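With the working numbering as the guide, the letters of the sequence shown map in order to residues 84 to 574. Contents: one structure, followed by commentary.
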Amino acid sequence: MKAGPKAAVDPTPLPFRPRKTGAARLAAFCQKFIKTPKGTGALKPMKLRPWQIDLVGSVLDAEVQPRTAGWMLPRGQGKSTLMAAWGVYELFTGPEGANICVVAVDERQAGIVFGIARRMVELDPELASRCQVFKERLVIPGRNAEFSCLPAEPKRLEGLDYTLAILDEGGVVTRDTYEVLTLAQGKRERSSLVVIGTPGPNPHDNVLADLRTYAAEHPDDSTMVWREFSADEFIDHPVDCRHCWALANPALGDYLHEDAIVALLPPKTREATFRRARLCQFATEEDGAFLPRGLWDGLSTGVGVPDGVDVVLALDGSFSDDTTAILVGTVSQEPHFDVVATWERPTGDESYRVPVAEVEQMIRDSCKRWKVTEIIADPFRWTRTLQALEAESLPVVEFPHSPSRLTAATGDLYSAATNSRMTHSGDPRLAAHIAAAVIQEDGRGMRLAKASRKRNARKIDLAACLVMAHSRATWRATRKPKRRRVRSFAA
84 MKAGPKAAVD PTPLPFRPRK TGAARLAAFC QKFIKTPKGT GALKPMKLRP
134 WQIDLVGSVL DAEVQPRTAG WMLPRGQGKS TLMAAWGVYE LFTGPEGANI
184 CVVAVDERQA GIVFGIARRM VELDPELASR CQVFKERLVI PGRNAEFSCL
234 PAEPKRLEGL DYTLAILDEG GVVTRDTYEV LTLAQGKRER SSLVVIGTPG
284 PNPHDNVLAD LRTYAAEHPD DSTMVWREFS ADEFIDHPVD CRHCWALANP
334 ALGDYLHEDA IVALLPPKTR EATFRRARLC QFATEEDGAF LPRGLWDGLS
384 TGVGVPDGVD VVLALDGSFS DDTTAILVGT VSQEPHFDVV ATWERPTGDE
434 SYRVPVAEVE QMIRDSCKRW KVTEIIADPF RWTRTLQALE AESLPVVEFP
484 HSPSRLTAAT GDLYSAATNS RMTHSGDPRL AAHIAAAVIQ EDGRGMRLAK
534 ASRKRNARKI DLAACLVMAH SRATWRATRK PKRRRVRSFA A
């Protein structure tokens, strides 16, 4: 994309006058102008598969174009590429003032879809010469037509006037987002909202599931259409059932490769997550546990972390109610973990406060025992302690518990545990906190959470330490060692 003012575009009509209509016309447009940007068939003309034409045809070939369409299909079916191609098609062939928006669950996903659409335009001279490419939108000035991608934030969506809106990840977006989009219709004779995604972590309380239920109960409503590729009727089948794989994944054996699904089979991923993402089944966790039963015990070595080795320390601090914990982990691509110390409020002692000075001294003592490369902690409520330790030239690293950071770190830890790329000492305190941790899922992914917010709920603070320590220990293991600064500590 060139910086600065945009050059004038070719005002002549696009040389595209097929006799076909509806979805067949879109397929012809893709065959002539769209090149697949990446993956299987990269840089070759994009040929829509029959099942893709049927999906788009549920909207474009209807006698009365529906105002709302719901599509449920698993991950890996190329929906971002299909959405981008449909958006580009509408941009170039739609009505005067066509407005196309793809609404994704966050800025990152919106950027992925827009990047695909932009690349499609750039790869074809006919399209590129007739379109202006901006940072977050494609524009054809002569027709006042625009294609944009937006995050699923209701305040960013107010005032839209679209011809086509595609709402991605309908299983996890908020109802407010859906309602803002659907209520934006009515200003144009023809406009459609397409909600697409997989079943959400709460399969009975999300936009996609509600649309599915409504379509089943109101089959004669021409303003709404539903399509799905799912093995939900066979949820009692095992996760490696090839019949279910083929039923739910129309791209399997084409540009979705079977070995990729095999590589993700439980316990490498949790069963309910696999069923939702790969089989479009409305599955829930039986107990919400972070790790499959028995997996944690199998990672125990029965020994602690040797003195003098390179380690990271993770601190999860509280004020009074929760456990304050310090965990140690070796700097390695396959780290080993052990509990350093914990502090808990004695039963019935309402006046208890965490002995902050004692916690700080334990960290100092640990720095004498091991070669500590990082002291990791969320600064919430412990900023003064971290500042004091940093003033002593100790290697403090803040680890704010933002959703995006915790999601990435939790996923990495889960993958390491299920693939035996980490070990632990077998400390029963750590085992208890791991067993108490459950998963909270949203559009970003999964992260650890408490099973209950009640005061007497089981604690997960050591599990939180483990998430931080694993993230930083494995990252440290990839960095080139620096010359160590020698510092003596007073007894």
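Beta carbons: idealized from backbone N, C-alpha and C, even for Gly. Here the structure is a predicted model, which is why all the values come from computation and not from measurement.
Exercise. Using DSSP with H/G/I as helix, E/B as strand and the rest coil, what is V569?
Worked result: Low confidence applies to V569: its pLDDT is 48, below 50, so where it sits in the model is not reliable, and the reading given next is rough at best. DSSP places V569 in coil when its eight states are reduced to three.
Exercise. Which same chain residues, not among the five before or five after A360, have their C-beta less than 7 angstroms away from its C-beta?
Worked result: P157, R158 and T281
For this session: Helix, strand or coil for K103, going by three-state DSSP, please let me know.
Result: coil
Problem set entry | Assigned secondary structure, D399 (DSSP; H/G/I helix, E/B strand, else coil) | strand
For this session: Counting only the same chain and skipping the five closest in sequence on each side, list residues whose C-beta sits under 7 angstroms from that of V569.
Result: Because V569 carries a pLDDT of 48, less than 50, the predicted location of this residue cannot be relied on, and the following value inherits that uncertainty. Cβ neighbours of V569 beyond the five flanking positions: none.
Exercise. Is A86 buried or exposed, if buried means 16 or more other CB atoms sit within 10 Å of its CB?
Worked result: With a pLDDT of 45 at A86, under the threshold of 50, the predicted position of this residue should be treated as unreliable, and no value is reported.
Exercise. Looking at the unbroken beta strand (DSSP E) that takes in C184, where does it start and where does it end?
Worked result: Looking at the DSSP string, the run of the beta strand (DSSP E) that includes C184 is N182 to A187.
For this session: For D244, collect the residues of the same chain with a Cβ closer than 8 angstroms to its Cβ; drop the 5 residues on either side in sequence, then sort them by chain order.
Result: N182, A267, K270 and R271
Problem set entry | For C450: DSSP bridge partner residues | Answer by DSSP bridge pairing: none, since C450 is not bridged.
Problem set entry | Selected residue, minimal CA-CA separation from D495, among R464, H553 and F230 | H553
Problem set entry | DSSP three-state assignment for K218, whether helix, strand or coil | coil
Exercise. How far does the beta strand (DSSP E) with D342 in it reach, from first residue to last?
Worked result: Going by DSSP, D342 is part of no beta strand (DSSP E) but of the alpha helix (DSSP H) stretching over E341 to V345.
Exercise. Taking the Cβ atom as the reference point for each residue, do V196 and A167 lie within a distance shorter than 9 angstroms?
Worked result: yes
Exercise. Taking one C-beta from the region 469-488 and one from the region 441-450 each time, how about it: are there three or more such pairs within less than 8 angstroms?
Worked result: yes
Exercise. Excluding five sequence neighbours on each side, which residues of the same chain lie with their C-beta closer than 7 angstroms to the C-beta of V392?
Worked result: T413, W453 and K454
Problem set entry | Buried versus exposed call for P284 [16 or more other C-beta atoms within 10 Å across all chains shown] | buried
For this session: Would you tell me roughly how many angstroms separate the C-alpha atoms of K130 and K118, rounded to the nearest one?
Result: 9 angstroms
For this session: Please indicate yes or no: does the CB of S305 lie closer than 8 angstroms to some heavy atom of the ligand ATP?
Result: This structure does not include the ligand ATP; it has no bound ligands of any sort.
Problem set entry | E209 beta carbon less than 9 angstroms from that of L97 | yes
Exercise. What is the rounded straight-line gap between the Cα of S503 and the Cα of D380?
Worked result: 11 angstroms
Exercise. Given V222, which residues of its chain have a CB within under 6 angstroms of its CB, disregarding the five upstream and five downstream residues?
Worked result: Q215 and E229
Problem set entry | Enclosing alpha helix (DSSP H) for W576 [first to last residue] | What is shown of the chain runs 84 to 574, which leaves residue 576 out entirely.
Exercise. DSSP on T425, reduced to helix/strand/coil?
Worked result: strand
Exercise. Under a Cβ-count criterion, where at least 16 other Cβ atoms within 10 Å of its own Cβ denotes burial, should A91 be classed as buried or exposed?
Worked result: exposed
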